[in-house]
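First up is the structure itself, then whatever we jot down about it.
Protein chains in written order, with our numbering: chain A, 88 to 312; chain B, 88 to 312.
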C-alpha cells in the first residue's frame with residue numbers, strides 16, 4: 088500500500104525495523120497464504136510457489152523473506168510453521184489485539200462479522216454508535232454501546248485499536264474521542280482524513296471508492312496495450 | 088497503494104500514461120477533497136491546503152499536480168472545478184461505469200449501499216449470489232440474481248467492472264465466470280488471490296485483515312520512538 092497517502096507519517100515504519108510499508112503489506116499477504124497452506128496440511132513451500140499464488144516475482148519474495156533465512160533451505164523451501172511465526176512476530180500479530188468498532192451502520196455491522204479479523208488475532212470487544220436508535224441493539228453477540236462508556240471499556244479491556252465506520256462528517260470528532268480514551272491506532276473507513284497535527288494516533292485509511300477508482304484507472308490504461 | 092501486491096501487472100499503469108499506482112491513489116484522494124471543497128462552495132485552493140487536509144507534504148502535492156499546471160496559479164491556487172475535471176479525465180471517472188456485485192452476504196450488502204461508489208460515478212446495476220436462499224431477495228432496490236443470468240446482464244448493460252465479495256473458496260471460480268462474461272476489472276474483497284496466468288483481467292485486492300495487520304504493525308513500531 089502507498090505509504091504517504093495511507094500512513095500518518097511516511098517514515099513511521101522505519102523507526103525500529105526498517106521495513107517499508109509496501110513490504111509490510113506483502114508480508115501480511117505471505118502470512119495469509121502460509122496459513123492457508125498450513126491448514127491444508129503442508130509443511131514446506133518454495134518461494135516460487137508463494138510468488139505464483141500471489142502473482143509476484145520469485146526474486147521479490149526471496150528478497151522479502153531473506154531476513155527469515157533460517158526457515159528456508161535451497162531446494163527444500165521454507166518451513167511453513169516457522170516462517171508463519173516469524174512473520175507474525177515482525178507484524179505484531181503473534182499476540183492477540185482487543186479491538187473496538189465505532190459505527191454500527193451497514194458497513195460497521197458487516198465488518199463486525201468479518202471472519203478474517205478474528206483469524207489474525209483481532210478480537211472485537213465492543214461496538215459503539217451515537218444513534219439512540221442503534222444503541223442497545225445487537226451486533227453479533229455484542230450490544231451496541233453509547234460513546235459515554237468508551238473510556239471505561241477501552242481501559243478495562245486494554246484496547247489499543249479501533250475500526251471507524253462512521254459517516255465522513257462524524258469521523259474527525261470520533262477519532263479525537265478515541266485518542267483521548269487511549270486508542271493508539273485507527274483503521275478508518277470514513278471517506279475523509281482524520282489525522283491532525285501533533286497527534287500520536289496511527290491511522291490506516293481504507294477508502295472503498297478510492298479502490299474502485301484505482302480499478303477504473305487500471306482498466307482504462309490496460310486497454311489497447 | 089502497493090503496486091506489486093495489488094495489481095495484476097506491476098507496470099500496467101505505465102503503459103499509456105506513465106503514472107505510478109501510488110500517484111493514482113493520491114489523485115483519487117485529491118479528487119475526494121476537491122469534491123468536498125466544491126460542495127462547500129469554494130472555487131480555488133492552494134496546494135498547501137490540500138496537503139494539510141491529507142497529511143501530505145506540499146511539495147508532493149505540487150509535484151503530483153504539476154501536469155495539471157494550467158489550473159494552478161502561484162499565490163491564487165488551483166481552480167477547483169477545472170482541476171476536478173482534469174483528474175477525473177485521467178482517472179477514467181469523467182464517465183459513469185456500470186458495476187455488478189457478486190456475493191450478497193453481509194459485506195456485499197454493505198458494499199451495495201456504500202454511497203461513495205455512486206458519488207464517483209459507479210452505478211450498481213445488478214447483484215448476484217449462488218445461494219438459493221439469497222437469490223430473489225432484495226438488496227437495496229435490486230433483486231439478487233443467479234449467476235445463470237450473468238452473461239446476459241453484463242452484455243445488456245455493458246458492464247466492465249465487478250465487485251467480488253464472496254468467500255475465499257468461491258473467489259477463483261467466480262472470477263473465471265466474470266472474465267468469460269466479459270468483465271475486465273475486479274475489485275476483490277475475498278481474502279485470496281484470484282489472478283491467473285495469461286488472464287487479461289485487472290484485479291485490485293482489498294483484504295480488510297491485511298489492512299488491520301498493517302495498522303498493528305504501525306502501532307507496534309511507533310511505540311517508544
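Even glycine gets a Cβ: it sits at the ideal position worked out from N, Cα and C.
Query	Result
Status (buried if at least 16 other CB within 10 Å, exposed otherwise) for residue 176 (chain A)	exposed
Local Cβ density within 10 Å of residue 216 (chain A), reported as buried at 16 or more and exposed below that	buried
Residue 166 (chain B) - partner residues in DSSP beta bridges	B:131
Own chain, CB closer than 6 Å to residue 210 (chain B), minus 5 neighbours either side, in chain order	183, 185
Contact with chain A by residue 259 (chain B), beta-carbon distance below 9 Å	no
Bridge partner(s) assigned by DSSP for residue 160 (chain A)	A:164
Outcome for residue 285 (chain B) when other beta-carbon atoms lying within 10 angstroms are tallied against a minimum of 16	exposed
Counterpart residues of residue 294 (chain B) in DSSP-defined beta bridges	According to DSSP, residue 294 (chain B) bridges with nothing at all.
Residue 172 (chain B) to residue 117 (chain B) span [Cα, whole Å]	12 Å
Start and end residues, beta strand (DSSP E) containing residue 270 (chain B)	Looking at the DSSP string, residue 270 (chain B) is not in any beta strand (DSSP E), and its letter there is neither H nor E.
Residue-chain proximity (residue 298 (chain A), chain B), Cβ-Cβ < 9 Å	yes
Option nearest residue 149 (chain A) by Cα separation, candidates A:241, A:134, A:301, A:288	A:134
Contact under 9 Å by Cβ, residue 253 (chain B) with residue 268 (chain B)	no
C-alpha gap between residue 301 (chain A) and residue 229 (chain B), whole angstroms	25 Å
Residues that residue 193 (chain A) contacts on chain B, provided the C-beta gap is smaller than 7 Å	196, 197, 200
Distance CB(residue 304 (chain B))-CB(residue 111 (chain A)) smaller than 9 Å	yes
Buried or exposed by the 16-neighbour rule on C-beta atoms within 10 Å, applied to residue 282 (chain B)	buried
Contact set for residue 144 (chain B): own chain, Cβ-Cβ below 7 Å, skip 5 residues either direction	138
Identity of the residue in A:290, A:287, A:168 nearest residue 127 (chain A) by Cα	A:168
Opening and closing residue of the beta strand (DSSP E) in which residue 210 (chain A) lies	209–215
Proximal residues, the segment 263–284 of chain A versus chain B, C-beta separation under 7 Å	271, 272, 274, 278, 280, 282
Chain-ordered neighbours of residue 207 (chain B) on chain A, where CB pairs are closer than 8 Å	296, 299, 300
Three-way DSSP call (helix, strand, coil) for residue 152 (chain A) in this model	coil
Option nearest residue 255 (chain B) by Cα separation, candidates B:290, B:297, B:280, B:198	B:280
Residue 119 (chain B) classed as buried or exposed, judged by whether at least 16 other C-beta atoms fall within 10 angstroms	buried
Inter-residue spacing [alpha-carbon to alpha-carbon] between residue 39 (chain B) and residue 299 (chain A)	With chain B covering only 88 through 312, there is no way to say anything about residue 39 (chain B).
Closer than 9 Å to chain B by CB, residue 224 (chain A)	no
Rounded distance between the beta-carbons of residue 273 (chain A) and residue 249 (chain A), thought under 8 Å	5 Å
Classification of residue 161 (chain B) by the beta-carbon crowding that lies within 10 angstroms, buried from 16 upward	exposed
Residue 260 (chain A), buried or exposed, once every other Cβ within 10 Å from all chains shown has been counted against 16	exposed
Three-state class that DSSP yields for residue 308 (chain A) in the structure shown	helix
Backbone CA spacing between residue 192 (chain B) and residue 131 (chain B) [nearest angstrom]	43 Å
Interface partners of residue 169 (chain B) on chain A, CB under 9 Å	Here the premise fails: no neighbours, minimum Cβ distance about 19 Å.
Exposure label - residue 202 (chain B); buried when at least 16 CB within 10 Å	exposed
Among A:194, A:234, A:307, nearest to residue 295 (chain A) - alpha-carbon criterion	A:194
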